[in-house]
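Asker: Take any residue in the sequence shown, count from 1 to its spot, add 2: that is its number in my numbering.
The C-beta atom is built at its ideal place from N, Cα and C for all residues, glycine as well.
Values in this document were obtained by computation on a predicted structure and should not be read as measured data.
Take this structure first; my questions come after.
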Amino acid sequence: MPLTPAQAANINKVKEMLDLAKTTCPNIPRLNELSNKLNSNIQNGKLHFDTQKVQSADPSAPAYTENKDNIYIREDLSPNQFDPANPGDVGNLVNLAATLIHEMFHQLGSAHPTTYCETANFLAALINCFKQNKNAIKSHYQWEQDSLYDLYISQLEIQEQGERSECGSTNNSGGGGGGW
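Spelled out as structure tokens, the structure:
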């Protein structure tokens, strides 16, 4: 299924997040690798929103990577076109970004539980970068108030903790909580 305009826009918001990290903290480990992979996925039509496909592979997962190639994402992870000025969409954007990062580590050859550890470590580096560059992040998203920035960081931290909790696990199913 081709992406809807809203889905394509939301994928581009994730790309924008990685691009923002590249301009503020270009030395984050694996950032260029993930950014290049995301660009390749966008150009080659490898990203699909298909809840049925995900559920048939793993009912508890937010997404599924097939043969380290196509990524299928639950449709509820992109319910509308995200607006960073809307608090609800800040959480949606971060959730989609963390899901895509996790799945791209699968594309790059990792399996569970390693993908959880890689995603947690990457998100921790991203959080550290965005905390050290608060004004640049606020300016990029045109957030006048601290509240949306604080929400953004806390949502990233929730995703990082969710991945970290599965990092040492031998459970390969994808885990619970927050769709992870």
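(1) If you run the structure through DSSP and keep just helix, strand and coil, what is residue 162?
(2) Where do the N-terminal and C-terminal ends of the alpha helix (DSSP H) with residue 107 fall, by residue?
(3) Can at least three beta-carbon pairs, one atom from the stretch 19 to 31 and one from the stretch 127 to 135, be found at a separation below 8 Å?
(4) Would residue 182 be called buried (16 or more neighbouring beta carbons within 10 Å of its own) or exposed?
(5) How is the beta strand (DSSP E) around residue 75 delimited, first residue to last?
(6) Out of 103, 61, 136, state which residue places its alpha-carbon closest to the alpha-carbon of residue 255.
(7) When you compare the CB positions of residue 76 and residue 65, do they come within less than 8 Å of one another, or not?
(8) Run through the DSSP bridge pairs and tell me what residue 66 is partnered with.
(9) Under 7 Å Cβ to Cβ from residue 70, same chain only, skipping five residues before and after it: list those, please.
(10) Where does residue 5 sit, in a helix, a strand or coil, going by DSSP?
(11) Out of 145, 19, 8, which one is the CA nearest neighbour of residue 78?
(12) Measuring CA to CA, which of 119, 97, 105 is closest to residue 12?
(13) Just how far apart, CA to CA, sit residue 19 and residue 50?
(14) So the candidates are 52, 62, 61, 10; which of them puts its Cα closest to the Cα of residue 43?
(15) Residue 84 by DSSP, collapsed to three states: which one?
(16) From this set, 30, 136, 170, which residue's C-alpha is nearest residue 125's C-alpha?
(17) Helix, strand or coil for residue 142, going by three-state DSSP, please let me know.
(18) Just curious, the beta strand (DSSP E) that residue 49 is in, first and last residue?
Answerer: A quick look at the data gives this:
(1) helix
(2) 89 to 109
(3) yes
(4) Annotation note: pLDDT 33 at residue 182 (below 50); position unreliable, coordinate value reported separately. When all chains shown are included, residue 182 counts as buried.
(5) 72 to 75
(6) Residue 255 is absent from the model: the chain starts at 3 and stops at 182.
(7) yes
(8) By DSSP's assignment, residue 66 forms a beta bridge with 74.
(9) Apart from the 5 residues on each side of it in sequence, residue 70 sits with its Cβ closer than 7 Å to the Cβ of 108, 109, 111 in its chain, given in chain order.
(10) coil
(11) 8
(12) It is 97 whose Cα lies nearest to the Cα of residue 12.
(13) 19 Å
(14) 10
(15) Looking at residue 84 - three-state DSSP - the assignment turns out to be coil, as it is neither helix nor strand.
(16) Sorting 30, 136, 170 by C-alpha distance to the C-alpha of residue 125 places 30 at the top.
(17) DSSP places residue 142 in helix when its eight states are reduced to three.
(18) Residues 49 to 51.
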